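Visitor: Residue numbers (the numbering used here), protein chains in the order written: chain A, 325 to 1120; chain B, 94 to 254.
Glycine included, C-beta positions come from ideal geometry on N, C-alpha and C.
What you are looking at is a predicted structure, and each value in this text was computed from that prediction instead of being measured.
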Amino acid sequence: MSRLRMTPDAREALTRAGFSRRTFLKGAGVLLVGFSAAVVTEETGVAQRPGPFASQNAAIAGEVDSWLAIGRDGHVTAYTGKCELGQGMYTVQLQLVAEELSVPIERIHLIQCDTGVTPDQGTTSGSQSTPTNFNHRNLAQAAATAREALMGLAAGHLGAPVAALVLADGVIRVKGDASKQVGYGALIGGRKFNLHVSPAARRKPQREWTVLGTSVPRVDLPEVATGTFEFVHNVRLPGMLHGQVVRPPAVGATLVHVDEDSVRGLPGFVTLVVRHNFVGVVCDTPWHAIQAARRLKATWTPGVELPKQADIYAHLRAQQPSRDLLVVDSGDVEAMLRQARTTLTATYLYPYQMHGSMGSSCAVADVKDGKATVWSPTQSAYPTRSGVAMLLGLPIDHVHVIFKRGSGCYGLNGADTVSYDAALLSQAAGRPVRIQLTRKDEMAWENFGYAYVIDQRLGIGPDDAIVAWDYEAWLPTFGNRPGYSRPGNVVTGFLAGFDPEPFEPRHATPPTGRFRNGSNVAPSYVAGCIGGACGGAGTIRSERVLTHTVKSFFFTGPLRSPSRLQNTFAHESFMDEAAAHVKADPVAYRLKHLSDTRLADVVKAAARRAGWETRPSPHAAVSRAGIARGRGIACVAYEGDNGYCAMVAEVEVDQATGRISPRRLVMAVDCGPISNPNGLRNQAEGGALQGMSRVLGEEVTWDDHRVTSVDWETYHSLPVGFDIPVVETELIDRDGVPATGAGETTITIAAAAIGNAVFDATGARLRQAPFTPERVKAALAARGGAAAAHAGVAQA
Amino acid sequence: MDISLTVNGRAHTVDVDPTSPLLYILSDTLGLRGPKFGCGLGQCGACTVIVQGRAVRSCVTPVRGMQGASITTLEGLGTVEHPHPIQQAFIDEQAAQCGFCVNAVIMTAKAFLDQQPHATEPEIREAMSSVLCRCFTHARMMRAIRKYAAHRAAAAEGGAR
């Protein structure tokens, strides 16, 4: 994108510092270091810690010069560790800097995710970019600090008190005296601020915003739409070769023998690369590399026998040992359930799903003379630098990772692993190597989203209110984001001989500390009380939430709304079951059990926008044949307090075929002060439809030894031509609260909203995702007779 | 083997492996950024180019069959300064997230609507039924496509190209 090209002034600033901005910053008396190790929630069982290569010093975030530089021409260069992945983060960070510095967007150059140049902000993930950079720290606060400093400098320069000055377009003037003015360039151009980020610097309040809070169009889209945008896939270096990898034919297979003669004479063949179980080829063109990888004769051990797909959920329950965690436990759940007028039980099942990026992952590496440069689509530039250094055996400061946008990643697609592939192949070839994975290598070996088995029980009291909620779940994990020290968490590092994060079994201990619902493992309706302090969004005081993390046979990782989506599917569906059982309206029944007003407000807003008809589900006029129509609602306080959303789904169900057709999805989203309304709508819409695709058809499949969902015929993503529902988004712009994440809110509730709508339409409850026609037909057939296989009701 | 191609109005003669899919010639030999490798199987549309008015999936089209062909890629439609109407519609609707699929969606829709400017909504959907967008920007993309369809239909009424 043209905006990424530095102006002569910005380039000069870097060149003057000997290119390395690291040196530049050291000169300012601070160390350029990592300060944001990715925190992976306990519920996923894989806690990440900064590794040997991660610096421990947080000083960098505290320096204005880490975030901003102003050239002599008054142009601003901003540096961020949160990258544009398609979520609009590039444009909206331009807006942020423009707003706080009162400089037109056109005069700002934002450099994103480039090790040694931008601050180490860990990973761009988890709906954390907005909370991290748009509140009272980091980029936002650095810009506010810079503005105040510039006003102070101008006061001295112009001989007038700050109160007598006005700022516009990077020029500071004395009120009422047009002759007295000075621009940013003249005040500080080409020099450092040498200033700590001040927590006291005044952020511009939302009511004063003129750029932030407006729907500035994405600055990259003109190039994207005209085919001139440079994705990582388009990076070309002089003398560049092309690689492919040869992954094992089965899960757990290890390399016995490689026959180099099988490829040596092939056209364009350059070299074979073998490292432990990592095998790759390097050729002159992509096509020749693909041919060579196909023709390579390698012998592997048979690998492991995978559990039958049909038995996966029983398999997960049976896994021992497990890593257990009690998130909350009031200690009285069993007693309360016994005393309850009615208890409901149900089991919800969620499959392994994949990121399944549209473009298979690609990276380019140039490793020579003991130094490596990697052009990578990773969401984690600094952690990837560490991983590459470990893989190549290089000092960390000899590795330079430059983020280049890839295909949408949604968490942890092949971006990290292909960066490792490129580095290993280039090191062996001694020349720059580009590799783009085959579709199969992308899909068979990525870090899948967690499968889940969730047992739910709740008790209903005499006044129809829920008096106790018990949740127990099993989820498999293996690998994860590599973080700063675990390249073995993704397939390439693993094959090259690095261990993934070890699986550490643990018995559950009583919960301590503050309740937080980072994985939405607890339903929104419980009080979340630990030691008398309650942090939940709901009113139910008798509560227990227990997870068992077990070993996965596939790599797993943080697929968009990791765990939150699966848990919320179970919670919001089960809440609907309770409402139906007491014949209460699903909206009213939710509100009755919510104490969090922001969550309640989005529920009300979505219901109002959708024209919600207050009545219990299922619909009174349910017929058992033909097309049935219904509506359902679901809501979430994402990660407890990082974005609030509710969705009303209206669906049609063809009861003959079992096909679900969502017709309308109405959402209300509250993520605090809104930085870019149209950008937020785009995220909300995309999340809703991606969530719809995931619940209607997406499921990783396998046979005895290998993944079999390895292309778009075997993994089912709804196409652009799908008869998509009308999507409406109501934005609640809330001032005076922190800016929260938004990109994972709507996807989290789509499954339950759709499932609840199917129940409303037909009286059939869907407890296993995806809602394939076969499963829908089975649920329809089970209606009204004996309780469905996974559910039960007991009257006290 | 020498292959002569006209790409976006420019003639090229390239010495390539004739078994190579057209995509690699466009993206690697000629360095074009519009057509992309998505699946290599003709399933997603990322590699789509327009040949003689038809959308062709270049990842499964051997280059040897393209001798003398005239090929249009996404960058051949318009420029940042002067986008083609369908490109402008995508910009106006902010119809992208990561943008990797934009080539697939625009090139498939353009080829179809240019052939059938009066296509109905179900026909448009059918034409887009094997094009993927994993960010699920579907709603905006369909709005942009409808906008271009209206433009195309009006042009057809007016007898313009």
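DSSP on L1055(A), reduced to helix/strand/coil?
Guide: Along the first sequence, read from residue 1 onward, the residue named residue 1055(A) stands at position 731. It is a strand residue.
Visitor: Can you have a look at R1091(A) and say buried or exposed, based on whether 16 or more other CB atoms are within 10 angstroms of its CB?
Guide: As a working note, residue 1091(A) is residue 767 in the first sequence. So R1091(A) ends up on the buried side.
Visitor: Let me know the alpha helix (DSSP H) ranges lying completely inside the segment 902 to 984 of chain A, each 4 residues or longer, listed in chain order.
Guide: DSSP runs (the alpha helix (DSSP H)) wholly in the segment 902 to 984 of chain A: 910 to 916, 921 to 934.
Visitor: Drop a sphere of 10 angstroms on the beta-carbon of N1080(A), count the other beta-carbons inside from all chains shown, and report buried for 16 or more, exposed for fewer.
Guide: As a working note, residue 1080(A) is residue 756 in the first sequence. Buried, since its Cβ has 16 or more Cβ neighbours within 10 Å.
Visitor: Does DSSP put W624(A) in a helix, in a strand, or in coil?
Guide: Within the first sequence, the letter at position 300 stands for residue 624(A). If DSSP states are grouped into helix, strand and coil, W624(A) belongs with the strands.
Visitor: Does L98(B) get closer than 8 Å to chain A when you measure Cβ to Cβ?
Guide: In the second sequence, residue 98(B) corresponds to position 5, counting from 1. False, the Cβ-Cβ gap to chain A never drops below 8 Å.
Visitor: Leaving aside the five residues before and after I720(A) along the sequence, list all residues of the same chain whose C-beta is less than 7 Å from its C-beta, in chain order.
Guide: Residue mapping note: residue 720(A) aligns to position 396 of the first sequence, counting from 1. Answer for I720(A): F377, R709, S710, A713, listed in chain order.
Visitor: Does the CB of N1000(A) have a neighbour CB from chain B at under 8 Å?
Guide: Here residue 1000(A) refers to the residue found at position 676 of the first sequence. Cβ-Cβ to chain B under 8 Å: no for N1000(A).
Visitor: Taking 8 Å as the cut-off, decide whether the C-beta atoms of S522(A) and T456(A) are in contact.
Guide: Here residue 522(A) corresponds to residue number 198 of the first sequence, with the count starting at 1. Here residue 456(A) corresponds to residue number 132 of the first sequence, with the count starting at 1. No. Outside cutoff.
Visitor: Taking C-beta pairs closer than 7 Å, name the residues in chain B that L799(A) reaches, listed in chain order.
Guide: As a first step, residue 799(A) is located in the first sequence; it is residue number 475 there, counting from the start. Those do not exist, as L799(A) stays about 24 Å from chain B at its closest Cβ, beyond 7 Å.
Visitor: Taking a Cβ distance cut-off of 8 Å, strictly less, list which residues of the segment 208 to 235 of chain B are near chain A, in chain order.
Guide: Under the 8 Å Cβ criterion, the segment 208 to 235 of chain B contributes I217, R218, E219, A220, M221, S222, S223, V224, L225, C226, R227, C228, F229, T230, H231, A232, R233, M234, M235.
Visitor: At the level of alpha carbons, what is the spacing between C733(A) and C194(B)?
Guide: Position 409 of the first sequence, counted from the start, is the residue given in the question as residue 733(A). Position 101 of the second sequence, counted from the start, is the residue given in the question as residue 194(B). Approximately 13 Å, taken between the alpha carbons.
Visitor: Spell out a yes or no on whether the segment 560 to 567 of chain A and the segment 131 to 148 of chain B are touching, meaning 3 or more CB-CB pairs, one atom from each, closer than 8 Å.
Guide: Cβ pair count under 8 Å is below three, so no.
Visitor: Does the distance from the CB of F205(B) to the CB of S1017(A) come in under 8 Å?
Guide: The residue you call residue 205(B) lines up with position 112 of the second sequence. The residue you call residue 1017(A) lines up with position 693 of the first sequence. Not in contact: F205(B) and S1017(A) (Cβ atoms no closer than 8 Å).
Visitor: Do P829(A) and R641(A) have their C-beta atoms within less than 8 Å of each other?
Guide: Walking along the first sequence from the start, residue 829(A) turns up at place 505. Walking along the first sequence from the start, residue 641(A) turns up at place 317. Contact flag unset, no.
Visitor: Leaving out five residues before and five after D333(A) in sequence, what residues of the same chain have Cβ atoms less than 7 Å from its Cβ?
Guide: In the first sequence, the residue the question calls residue 333(A) occupies position 9. For D333(A), the predicted model reports a pLDDT of 44, less than 50, meaning its position is unreliable; a value from the coordinates is still stated below. G395, R396, D397, H399, listed in sequence order.
Visitor: Cutting at 8 Å between CB atoms, please list the residues of its own chain near F822(A), excluding the five before and the five after it.
Guide: Reading the first sequence from its first residue, position 498 is the one you call residue 822(A). Excluding sequence neighbours, F822(A) sits near M714, L715, R810, P811, G812.
Visitor: Which one or two residues does DSSP pair with Q568(A) in a beta bridge?
Guide: Within the first sequence, residue 568(A) is the residue found at index 244, counting from 1. Bridge partners of Q568(A): V605(A).
Visitor: Please check if any C-beta of chain A sits within less than 8 Å of the C-beta of F130(B).
Guide: Here residue 130(B) refers to the residue found at position 37 when the second sequence is read from its first residue. It does; some Cβ of chain A falls within 8 Å.
Visitor: Could you tell me if M678(A) is buried or exposed, where buried requires 16 or more neighbouring beta carbons within 10 angstroms of its beta carbon?
Guide: The residue given as residue 678(A) occupies position 354 in the first sequence. The residue in question, M678(A), is buried, as its Cβ has 16 or more Cβ neighbours within 10 Å.
Visitor: How should E963(A) be labelled, buried or exposed, when 16 other C-beta atoms within 10 angstroms of its C-beta is the threshold for buried?
Guide: Along the first sequence, one-based indexing puts residue 963(A) at 639. The residue is buried, with at least 16 neighbouring Cβ atoms inside 10 Å.
Visitor: Starting from the N-terminal side, write out each stretch of the beta strand (DSSP E) that is 3 residues or longer and does not extend beyond the segment 404 to 446 of chain A.
Guide: Those beta strand (DSSP E) runs which fall completely within the segment 404 to 446 of chain A and span 3+ residues are 432 to 436.
Visitor: How many Å lie between I199(B) and I179(B) at the Cα?
Guide: Numbered from its first residue, the second sequence carries residue 199(B) at position 106. Numbered from its first residue, the second sequence carries residue 179(B) at position 86. Approximately 7 Å, taken between the alpha carbons.
Visitor: With DSSP as the reference, label V990(A) as helix, strand or coil.
Guide: Numbered from its first residue, the first sequence carries residue 990(A) at position 666. Reduced to three states, the DSSP call for V990(A) is strand.
Visitor: Sorted by chain position, which residues of the same chain lie with C-beta nearer than 7 Å to D1057(A)'s C-beta, five sequence neighbours on each side aside?
Guide: Locating residue 1057(A) in the first sequence gives position 733, counting from the first residue. Cβ within range, chain order: P997, I998.
Visitor: Hey, could you find the ends of the alpha helix (DSSP H) E1009(A) is sitting in?
Guide: Walking along the first sequence from the start, residue 1009(A) turns up at place 685. First-last of the alpha helix (DSSP H) with E1009(A): 1001 to 1021.
Visitor: Who are the Cβ neighbours of T166(B) in its own chain at under 7 Å, not counting the five residues just before and after it?
Guide: Within the second sequence, residue 166(B) is the residue found at index 73, counting from 1. Closer than 7 Å at the Cβ level, and outside the excluded window around T166(B), lie V100, N101, L119, L125, G127, P128, V142.
Visitor: With a Cβ-Cβ cutoff of 8 Å, do S92(B) and A104(B) count as a contact?
Guide: It is not possible to answer for residue 92(B), since the shown part of chain B is limited to 94 through 254.
Visitor: Between I1048(A), L761(A), L799(A), which has its C-alpha nearest F130(B)'s C-alpha?
Guide: Here residue 130(B) refers to the residue found at position 37 when the second sequence is read from its first residue. Cα-wise, what sits closest to F130(B) is L761(A).
Visitor: At which residue ranges does the segment 640 to 698 of chain A contain complete alpha helix (DSSP H) runs of 4 or more residues, listed in the order of the chain?
Guide: Those alpha helix (DSSP H) runs which fall completely within the segment 640 to 698 of chain A and span 4+ residues are 657 to 663.
Visitor: Alpha carbons only, please: which of W391(A), Q568(A), G405(A), P591(A) is nearest the one belonging to L519(A)?
Guide: Looking up residue 519(A) in the first sequence gives position 195. Of the candidates W391(A), Q568(A), G405(A), P591(A), the one whose C-alpha sits nearest the C-alpha of L519(A) is W391(A).
Visitor: Cβ of G102(B) less than 8 Å from any chain A Cβ?
Guide: In the second sequence, the residue the question calls residue 102(B) occupies position 9. Chain A, which has no Cβ nearer than 8 Å to the Cβ of G102(B), makes this no.
Visitor: Mind listing the chain C neighbours of P114(B)? Cutoff is C-beta to C-beta under 8 Å, in chain order.
Guide: The chain inventory of the structure shown lacks chain C, comprising the protein chains A and B.
Visitor: Could you work out which residue in T1069(A), E937(A), P675(A) is closest to C995(A) when comparing CA atoms only?
Guide: By one-based count along the first sequence, residue 995(A) stands at place 671. Of T1069(A), E937(A), P675(A), the residue nearest in Cα terms is T1069(A).
Visitor: Kindly give me the distance between the Cβ atoms of S866(A) and Y774(A), rounded to whole angstroms, as I take these residues to be in contact under 8 Å.
Guide: Looking up residue 866(A) in the first sequence gives position 542. Looking up residue 774(A) in the first sequence gives position 450. Contact flag wrong, Cβ pair sits at about 27 Å.
Visitor: Shorter than 8 Å from the beta carbon of A739(A) to some beta carbon of chain B?
Guide: In the first sequence, residue 739(A) corresponds to position 415, counting from 1. For A739(A), the answer is no, since every Cβ of chain B falls outside 8 Å of its Cβ.
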